[in-house]
Structures are given as C-alpha cells and as structure tokens.
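Have a look at the structure below before the remarks.
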Amino acid sequence: MQNSILECQSSKAYQDSLALCRNDMVKYMQRVYPLLVKIQMEAVASYGFSGDFQGVQAFLNEMAVLENEDQEIKKLNEDIRHLIIPPLPEFR
Numbered sequence: 001m002q003n004s005i006l007e008c009q010s011s012k013a014y015q016d017s018l019a020l021c022r023n024d025m026v027k028y029m030q031r032v033y034p035l036l037v038k039i040q041m042e043a044v045a046s047y048g049f050s051g052d053f054q055g056v057q058a059f060l061n062e063m064a065v066l067e068n069e070d071q072e073i074k075k076l077n078e079d080i081r082h083l084i085i086p087p088l089p090e091f092r
C-alpha cells in the first residue's frame with residue numbers, strides 16, 4: 001500500500017490537486033484524500049480484502065491489532081498514515 005500511495009503522489013492528478021489545496025486541510029480532504037482512498041481500495045483488494053471502503057477499514061483494523069505485536073508493522077502503519085494525512089504543524 002505504501003508503494004501505491006507513493007506512486008500516486010508522483011502523479012499529475014495528485015500534484016494538481018495538492019497545488020489547489022495549499023495549506024487548506026478542508027480542501028485537502030475534498031480533493032486529495034479521495035485519490036488516496038481510491039489507491040487504498042485498490043491496494044487492499046490485492047491482499048484479499050474487499051476493494052471498497054469497508055475493505056480499507058478491515059485492513060486498517062487488522063493493522064491496528066498487528067501493530068501492537070510487531071514494531072515494524074507499527075512503523076509501516078505510521079508511515080502510511082503520514083502519507084495519507086500529513087501531520088499538522090505545531091502551534092505555540
């Protein structure tokens with residue numbers, strides 16, 4: 001899934017959507033997030049989950065369980081989360 005997201009991020013559609021958003025998280029959720037969810041749906045289908053939102057949810061739930069048992073899975077899951085929803089800047 002991580003590789004699929006990285007490939008998507010180099011696409012023109014992704015770059016154009018991201019440029020329209022700038023630093024506006026609402027626009028990001030409207031324009032960029034749907035592209036990433038579509039990529040997730042395609043990726044989880046290749047691992048035996050249904051290729052829809054419920055399949056993504058089932059995959060993420062399974063990852064949440066497994067990350068408690070394996071630090072490598074925990075790191076991968078965190079990396080994927082940061083690719084999908086970038087961390088917010090710190091406010092002071």
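Residue 1 is where the sequence shown starts when you use the UniProt record's numbering, and the numbers rise one by one after that.
All residues carry an ideal CB built from backbone N, CA and C; glycine is no exception.
Within the region 10-41, the alpha helix (DSSP H) runs of at least 4 residues that lie entirely inside it are, in chain order, 12-21 and 25-31.
The shortest CA-to-CA distance from L83 to any of V26, L36 and K27 is the one to L36. Contact annotation, S4 with A43: C-beta distance approximately 5 angstroms; criterion of less than 8 angstroms satisfied. G55 places its beta carbon less than 8 angstroms from that of A45. In terms of Cβ geometry, Q2 and L76 form a close pair [threshold 8 angstroms]. In this structure V26 is exposed. Its beta-carbon is surrounded by fewer than 16 other beta-carbon atoms within 10 angstroms.
With fewer than 16 other beta carbons inside 10 angstroms of its own, F53 counts as exposed.
In the structure shown, G48 falls within a coil segment according to DSSP collapsed to helix, strand and coil.
Q40 counts as buried, since at least 16 other C-beta atoms from the protein chains shown sit within 10 angstroms of its C-beta.
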